[in-house]
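Down below is the structure, laid out as structure tokens.
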Amino acid sequence: MKTKASLADKVLPKPVQDAIERTIEPHIYERASGIGVCSTKTAKERRQHIRATVATLWQLGSKIQKLESLSPKHIALLTAHWDQEGMSPEFLHNRLSVLRTLAGWMGKRNLVGDLGDYFEKARTQRTTATEVDKSWKGKEIDVEAIIARATQIDERLGVMIALMDRFGLRVKEAIEFRPAQALVDGGTAIEVFAGTKGGKLRRVPVETDQQRETLAWARDVVAQGRVKRVRWPELTWKKAQSRFYNTIQRKLGIAKAQLGVTMHGLRHGYGQRGYEKVAGVPSPIVHANANKGGGNGTTGSDGSGGEGSVGGESSGSSGTRSRPLEPPAGLTREKHREASMAVSRWLGHGRVDVTAAYYGTYGHAFRRSRRNE
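Going by this note's numbering, the residue at position 369 of the sequence shown is 369; the numbering climbs one at a time, nothing skipped.
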């Protein structure tokens with residue numbers, strides 16, 4: 001069976017791949033501590049991570065020819081990109097750990113900082129259920145104002161951001177979106193296929209006038225170019241991605257360090273709205289923030305749920321334990337699961353439990369009620 005080409009194989013020229021191999025091969029089996037050897041699995045993962053990291057830099061416009069050329073600005077670019085893409089805490093921990101090990105091999109021990117140098121603490125906490133509302137609405141960011149500003153800069157950029165907000169698309173999915181071919185089921189849904197993770201096709205419902213207007217806008221803009229995608233006609237996908245991130249960060253200030261949000265926050269907002277549409281009640285994180293200080297799922301000053309009360313029990317700063325977040329009256333376990341399954345499907349995930357990363361969970365309270373039945 002033919003092996004699927006890796007990102008590095010697709011992006012990096014052979015001489016660059018060879019240069020990477022020359023640098024890492026003498027060290028690939030060394031433990032990070034420098035004592036003993038690591039497993040074959042660890043060595044394989046290190047090689048994959050390092051190659052993928054360089055390939056990502058190339059996609060972002062920084063075409064380094066050898067690992068020795070890595071600088072702190074490259075690490076900052078990578079971490080900002082990973083943050084914008086909403087990569088998991090596990091991913092962030094693993095990638096920075098490998099990069100730190102690589103820096104040691106090259107004698108550049110100050111190349112990679114600590115996680116806290118690049119991300120907020122909540123961003124790197126390993127938890128399955130979010131304890132902070134990461135949506136733009138939750139951060140009081142006016143989505144429509146951002147779309148209007150983006151449109152003034154570049155209309156295609158405005159369309160991309162609108163698609164991400166209205167349909168929960170990822171960045172690549174919005175850039176590669178083909179509006180003329182998307183509508184299915186008599187206009188009641190769109191098919192998302194270009195740019196999806198793993199090439200998995202999914203359908204997203206079209207139910208509001210705002211969604212229909214956004215699709216019409218996208219069709220009009222795309223009709224002005226020679227390609228059928230929202231992507232800038234003169235650019236490859238790699239260059240379009242680079243332009244997208246450079247523009248939103250430098251001209252719109254969309255970055256954790258500036259506005260406090262990332263583009264992935266639009267998917268959080270979409271997931272929260274989708275949950276409420278199906279369940280008929282606010283999502284757990286929204287419900288928690290609406291009940292701050294009410295003793296019904298205590299939340300911290302940042303809406304984080306007092307160290308984790310959204311969907312779980314935890315000790316607050318006073319040493320007392322907060323209760324699991326109580327679901328709104330009338331919400332059943334079955335309806336909660338139905339809403340989570342729908343959101344998981346619309347966002348392009350294969351597992352229901354992933355949705356807790358977008359809007360928290362009532363799971364602990366439901367498990368407790370099941371035990372009491």
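Backbone N, C-alpha and C fix where the C-beta goes; we use that ideal spot for every residue, glycine too.
Asked, Found
"At which residues does the alpha helix (DSSP H) containing Ile20 begin and terminate?", "Lys14 to Ile24"
"Note down the Cα distance separating Glu313 from Ala288, rounded to an integer number of angstroms.", "Any answer about Glu313 is weak, because its pLDDT of 39 lies below 50 and its placement is not dependable; what the coordinates show is given next. Approximately 13 Å, taken between the alpha carbons."
"Could you please give me the residues that DSSP links to Ile190 through a beta bridge?", "Leu183 and Val204"
"Using CA coordinates, which residue listed in Glu25, Met164, Ala150 and Lys73 is at the minimum distance from Leu266?", "Met164"
"Please report the straight-line C-alpha distance between Gly360 and Thr130, rounded to a whole angstrom.", "5 Å"
"Is it a yes or a no for the region 77-90 touching the region 25-42, going by three-plus beta-carbon pairs under 8 Å?", "no"
"Out of Gln181, Val54 and Arg226, point me to the one whose CA is closest to Leu12's CA.", "Val54"
"Who are the Cβ neighbours of Gly187 in its own chain at under 7 Å, not counting the five residues just before and after it?", "Val206"
"Would you mind reading off the limits of the alpha helix (DSSP H) that contains Pro284?", "Pro284 to Ala290"
"I believe Val98 touches His49 by the beta-carbon criterion, under 8 Å. Please report the beta-carbon distance rounded to the nearest angstrom.", "4 Å"
"If we ignore side chains and look at the alpha-carbon of each, how far apart do Val281 and Lys292 end up?", "17 Å"
"Per DSSP, which residues does Glu30 bridge with? Please list them.", "Val37"
"Need the endpoints of the alpha helix (DSSP H) that Pro233 sits in, please.", "That residue, Pro233, is in no alpha helix (DSSP H); it is neither H nor E in DSSP."
"Specify the secondary structure class of Asn110 as computed by DSSP and reduced to three states.", "coil"
"Let me confirm a value: Phe119 is counted as buried when at least 16 other C-beta atoms fall within 10 Å, else exposed. Which label applies?", "buried"
"Would you be able to state if there are at least three C-beta pairs under 8 Å between the region 257-266 and the region 134-152?", "yes"
"At the level of alpha carbons, what is the spacing between Arg156 and Thr332?", "42 Å"
"Relative to the C-alpha of Arg46, which residue among Ile20, Leu115, Ile35 and Leu57 is closest?", "Ile20"
"With DSSP run on the structure shown, which of helix, strand or coil describes Leu96?", "helix"
"Hey, out of Ala257, Ser62 and Arg123, whose CA is closest to Glu90's CA?", "Arg123"
"Assuming Thr214 and Asp154 form a contact by the criterion Cβ under 8 Å, report the distance between their Cβ atoms to the nearest whole angstrom.", "That belief does not hold up - the Cβ atoms of Thr214 and Asp154 are roughly 16 Å apart, past 8 Å."
"So the candidates are Pro15, Ala76, Asn94 and Leu67; which of them puts its Cα closest to the Cα of Ala32?", "Asn94"
"Among the candidates Gly198, Asp114 and Gly274, whose CA atom is the shortest distance from the CA of Lys4?", "Gly198"
"Report the rounded CA-to-CA distance for Gly316 versus Ile190, giving the unit in angstroms.", "Low confidence applies to Gly316: its pLDDT is 34, below 50, so where it sits in the model is not reliable enough to give any reading."
"Would Arg321 be called buried (16 or more neighbouring beta carbons within 10 Å of its own) or exposed?", "Summary for Arg321: the model assigns pLDDT 31, below 50, so the residue's position carries little reliability; its value from the coordinates is reported in the next sentence. By the 10 Å Cβ count, Arg321 comes out exposed."
"By Cβ distance, which residues of its chain are closer than 7 Å to Lys251, with the 5 residues on each side in sequence left out?", "Ile153"
"Taking the beta carbon of Gly86 as the centre, do at least 16 other beta carbons fall within 10 Å, making it buried, or is it exposed?", "buried"
"For Val192, which residues in the same chain have their Cβ closer than 8 Å to its Cβ, ignoring the five residues on either side in sequence?", "Phe167, Leu169, Glu173, Phe177, Ala182, Leu201, Arg202, Arg203, Val204 and Gly348"
"Specify, as a first and last residue, the run of the alpha helix (DSSP H) that Glu144 falls within.", "Val143 to Ile153"
"Using three-state DSSP, classify Val352 as helix, strand or coil.", "helix"
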